[in-house]
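Let me begin by presenting the structure, written as structure tokens, before commenting on it.
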Amino acid sequence: MTERFVVIPVGQSDNGFPEEEEEEEEDEGHRDSVPEDDGEEEGTVGDADREGVMPILEYSREPNKYGDGNPKESSPFINNTDNDKGTLYDGKNMALFEEEMDSNPMVSSLLSNLANYTNLTQGVREHEEADEEEGAKKKAVKSPQMGTFIGVYLPCLQNILGVILFLRMTWIVGTAGILESFIIVAMCCTCTMLTAISMSAIATNGVVPAGGSYYMISRSLGPEFGGAVGLCFYLGTTFAGAMYILGTIEILITYIVPTAAIFKAETKEEEPAALLNNMRVYGTCCLALMALVVFVGVKYVNKLALVFLACVVLSILAIYAGVIKTIFDPPDFPICLLGNRSLQNHNFDKCLKTEEIDNETVPTKLWGLFCDSQYLNATCNDYFRDNEVTQIQGIPGLLSGVISENMWSTYGPSGMLVEKMDFPSKPASNTSMDAYLPYVANDIATFFTLLVGIYFPSVTGIMAGSNRSGDLRDAQKSIPVGTILAIATTTFIYLSCVVLFGACIDGTVLRDKFGDSVKGNLVIGTLSWPSPWVIVIGSFFSCCGAGLQSLTGAPRLLQAIARDGIVPFLEVFGHGKANGEPTWALLLTALICETGILIASLDAVAPILSMFFLMCYLFVNLACALQTLLRTPNWRPRFKFYHWALSFLGMSLCLALMFISSWYYALVAMMIAGCIYKYIEYRGAEKEWGDGIRGISLNAARYALMRLEEADPHTKNWRPQVLVLLNVDSEMGVKHPRLLSFTTQLKAGKGLTIVGNVLEGTYLTKENDSKRADANIKTAMTAEKTKGFCHVVVSSNLRDGFSHLIQSAGLGGMKHNTVLMAWPGTWKQSNDPASWKNFIETIRETTAAHQALLVAKNVDSFPTNQDRLGEGTIDVWWIVHDGGLLMLLPFLLRQHKVWRKCKMRIFTVAQMDDNSIQMKKDLQTFLYHLRLDAEVEVVEMHDSDISAFTYEKTLVMEQRSQMLKQMQLSRTEREREIQSITDESRHSIRRKNQDGASGSTSSSTRRQSEGAGRKREDAMEDEAQLIHDRNTASHAAMNDKADAAPDRVHMTWTKEKFFTERNRHRGGEPNANMGVRDLFNMKPEWESLNQSNVRRMHTAVKLNEVVVNKSQGAHLVLLNMPGPPKNRGGDENYMEFLEVLLEGLNRVLLVRGGGREVITIYS
């Protein structure tokens, strides 16, 4: 008894098979340790691996049932072939050839591979086998064994050679001449060869799974280009199916069974319409039959693949054999000429006007076609009467010298008669009846570009090898070699056919598209040996096979695109039968194919599919050129014989051929691809495939950044590049999303927007919070349609974080020049002064960095992007000139549909010595030169005494400031107590601190009093900027309104003062008495006030009065933002000044310029 190890997946029965199959396997015996599934699309994976179970090793002592005493262990490698090599021969009969088996396989093996030949794309056979063996044990997957010849060369050969060669090649040679036909073939073949070189480079740069060319393009150029070109390639393949079906029907009803035509022409002019209707009816029936075959099972197509290939090869060989035979024995296919005009040889058997029968001259059937009766005295056509009938050989032979006659082109309009140029002929006086006579004529207008479009489909099919890379033993070697050899072979066949057809066949026969002059025979068939039927039958089955393969390949291509999920409305076509067969995709393919069949003309359908294939090839070349030029690190193809210049040449040739073939079809194809591209881009393709377009973007961005770094932007190019400082809550949600809405309205998608956020802590502890905040901010940006970048910074404190953002956000020349932030609305209620201190420090940072600053107050009341503000105004209060940003911002906002209906008003302040009338005229002229539409108003302000209300406000502010300082000192004392070691030292430290605090407070007050005298001169300057309104009623109303504010500040008002003020307010005493009483009550406290603060408060109060009076109903108020004090001791006072300045206004945007001009009157 032998011993061996068996791999047993966990979850299966002891015998190594799944439990539900155990009974069946006991009958059949152990054929394998682990059953494998051949339905996998990528690689060969056993059931254990597929189900995610862990295989274990079990020691088995049962007899080895393999019979040879040696256990056959499975290799861990997917493509292992070590065990398979021993199966190429059996026993000792062939031991003499043992060492040559690797390079020279046995004939039996070769024939077996030929019998198993298939031209189907990867995955088709697996689907069919899964369908066929449903419910039974599945065969073990064999490693891919196809080589270059079977796997790539033959499928490419079969796909390239096809309907155009058999049905249109002779007509193209006759119409364009040998020289121009040679150019057409050379151009098209060069295009496909260059594309094959690029494709080989891409295909050998990693594994190409099912999807072939679509996969290559999408992974190289991105989902947008991949989806657009993939769908174009799908449409091309579908229309190719229509073209092959039309070719099949044309052969059937024109050459095989002409009597099967349903629609029959009574007269010659009805023949084209009858032919098209027959094509539509039979083509639809043929399409339905082929679609049914593909739906039922493509295994039938697979079985017939070798038959179809044999038909193509035999047809080609028959042509060459016939050419050789014409050297010594040309075939007998006479054609009848009337003068120099070729005649349709259908309704007469003798090329004679009259003939002698029993010594009597009798008119022939030909006479009856041109004369009104069968009598010799009948009235005949003038041309028939004046010219003789001549019979010549249609196939004069290779050595006849006819090649010189066929060298040049004979293009002409539709209906032009086919004539032999070197024959004598008397011109007809009346040609009106020629269309009704049995002459051979052009059915369509012919010109060079048309023939290019008709011929190009005959060189497509080069992707057949790359589409089946999973079935190849060595895809990276086989695809380049097999594809390029197939193109070289077909190029030789086409070029040789051009020369041989021109050298063997008479020009009149070549230009006869349907063989009417040779009794309805296929023209290329007349040249073949041993019989024309070899070509007719061969081309018929070849077209059938090509049509079936198109209907098999196109749905799978659509299924691959749908399963990628880049085109949402196509996702339904990713589903199919249980075994993966694309049922819905097949239905759509059949419907699109039917549109091509309804066109019914092979010559009209060919240029359509030429466009789609050319576009696909163009992007293959573009992908290779881009990857090469960008030097992507992952670009390491094993195929080395490529260059970006060759790819670029191939791309240019594809583009040229598109417009040469049909410029309007080219534009339509590009429009379709462009629409699909924009649709995928609009829906947001979330796939990231490391594509080349991203590489282009990176290189272009680097180049642009380097250019921007060279110099600062000119004033004409200045626009706000905004850094938005956004806060998040404890759940990492965005606090003020309207700040993003305002950014969108201000930027309208133009320029740079960076949304910054700072989290307090260290990155190691806040990493998850940082990622959550980043994701939430990006979600909010998407919701508010803010196009820009998000930057979340984790810093030890918020102040440093904001400083880092202001300094380092952006890159190179793409740095922000404007900071947008929200007004800290809760700074008064907050016990922590850090909120307003950080705000003021941010203002100082932006000023030091020469950046503009925008502060939005009540930002949550700003309009959303969905709002549409009605008639209203955007009011600009231009107090000081800071570069013109105040006037530029309303213009930018009005570009957005939210603010579009708002009018712009500009207010400026006239001082005592100013001429307000002249100021208004000058400002209007200035705005006219700036091309800004705005109403102008000059507000005249006079100096006024500082009111008691202003003094009281200042007193409240300073006392609050002192209290905050005391609170801060108390906090400092507590911190120092914690740091003390002994009770004695704590006592000492506390006493010392208290003494120092009181001393510093008194010295600070003393310094302020001494400084008041020094600042009196500055006071005169500041007084000139104080603003006053002559409307005293409004002034009194503002005072009454503002007087309520101290009621809430309990630290300033004594109890007695509170009651006095309340009684005075209720009594409604006159303003003068109020002022006197304030003067009497407050005078002792006023003397200790800092006079600079008093003057600043006076400015804030008076400016607030006039702004509220003029702009309280405005949709938005833009106001110059005064700078913070240089002495940081007055920061809290600065916040009070701004609070008073903005009181009573709803939407306010404080604007502080960056120190440079941002608007100019010059173009």
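Under the numbering used here, the first residue of the sequence shown is numbered 115, with each subsequent residue one higher. Ideal Cβ placement from N, Cα and C applies to all residues, glycine included.
For residue i, three-class secondary structure by DSSP
| i | result |
| --- | --- |
| glutamine 507 | strand |
| tryptophan 647 | helix |
| tryptophan 1200 | Only weak support exists for where tryptophan 1200 lies, its pLDDT of 47 falling under 50; the value from the coordinates is given anyway. Here tryptophan 1200 sits in helix by DSSP. |
| glutamate 154 | Interpretation of glutamate 154 is limited by its pLDDT of 39, a score under 50 that renders its predicted location unreliable; the figure taken from the coordinates is listed afterwards. It is coil, neither helix nor strand. |
| methionine 957 | With the sequence shown as reference, residue 957 is identified as isoleucine, and methionine is not the correct amino acid for it. In the structure shown, isoleucine 957 sits in a helix (DSSP, three-state: H, G or I). |
| aspartate 1036 | helix |
| aspartate 989 | strand |
| threonine 352 | helix |
| cysteine 465 | coil |
| tyrosine 329 | helix |
| proline 541 | coil |
| serine 188 | Bear in mind that a pLDDT of 38 at serine 188, under 50, signals an unreliable position, so the model cannot answer this. |
| phenylalanine 753 | coil |
| phenylalanine 903 | strand |
| threonine 893 | helix |
| arginine 455 | strand |
| valine 415 | helix |
| leucine 1046 | coil |
| glutamate 1285 | Missing from the structure shown is residue 1285; the chain here goes from 115 to 1277 and no further. |
| alanine 1228 | coil |
Beta-ladder partner(s) of residue i, from DSSP
| i | result |
| --- | --- |
| arginine 1266 | Leu967 |
| cysteine 494 | Cys485 |
| glutamate 874 | Ser909 |
| valine 476 | Glu469 |
8 angstroms Cβ cutoff met for residue i and residue j
| i | j | result |
| --- | --- | --- |
| arginine 982 | lysine 1011 | yes |
| cysteine 738 | tyrosine 756 | yes |
| tyrosine 348 | alanine 668 | yes |
| leucine 860 | proline 834 | yes |
| valine 990 | phenylalanine 1040 | no |
| alanine 714 | methionine 404 | no |
| tyrosine 608 | valine 299 | yes |
| arginine 816 | glycine 336 | no |
| alanine 923 | histidine 905 | yes |
| phenylalanine 1251 | arginine 1210 | yes |
| isoleucine 430 | leucine 641 | no |
| threonine 563 | threonine 289 | no |
| lysine 540 | asparagine 501 | yes |
| isoleucine 675 | leucine 665 | no |
| methionine 283 | phenylalanine 570 | no |
| cysteine 768 | leucine 743 | no |
| glutamate 364 | leucine 716 | yes |
| asparagine 520 | glycine 265 | no |
Whole-number beta carbon distance between residue j and residue i, since they are thought to touch under 8 angstroms
| i | j | result |
| --- | --- | --- |
| valine 933 | threonine 961 | No, valine 933 and threonine 961 are not in contact; Cβ-Cβ is about 10 angstroms, not under 8 angstroms. |
| isoleucine 278 | phenylalanine 654 | The pair is not a contact, with the Cβ atoms about 15 angstroms apart (cut-off 8 angstroms). |
| cysteine 618 | valine 407 | In fact, because the Cβ distance is near 38 angstroms, the residues do not count as touching under 8 angstroms. |
Residue i, buried or exposed, once every other Cβ within 10 Å from all chains shown has been counted against 16
| i | result |
| --- | --- |
| alanine 1138 | Because the pLDDT at alanine 1138 is just 33, under 50, the model does not fix this residue reliably, and the point stays unresolved. |
| histidine 828 | exposed |
| phenylalanine 191 | Low confidence applies here, because phenylalanine 191 scores a pLDDT of 38, under 50, leaving its location unreliable; read the following figure in that light. The residue in question, phenylalanine 191, is exposed, as its Cβ has fewer than 16 Cβ neighbours within 10 Å. |
| valine 1262 | buried |
| leucine 968 | buried |
| leucine 712 | exposed |
| isoleucine 1275 | exposed |
| lysine 1035 | exposed |
| tryptophan 1013 | buried |
| tyrosine 267 | buried |
| glutamate 881 | exposed |
| leucine 812 | exposed |
| lysine 971 | buried |
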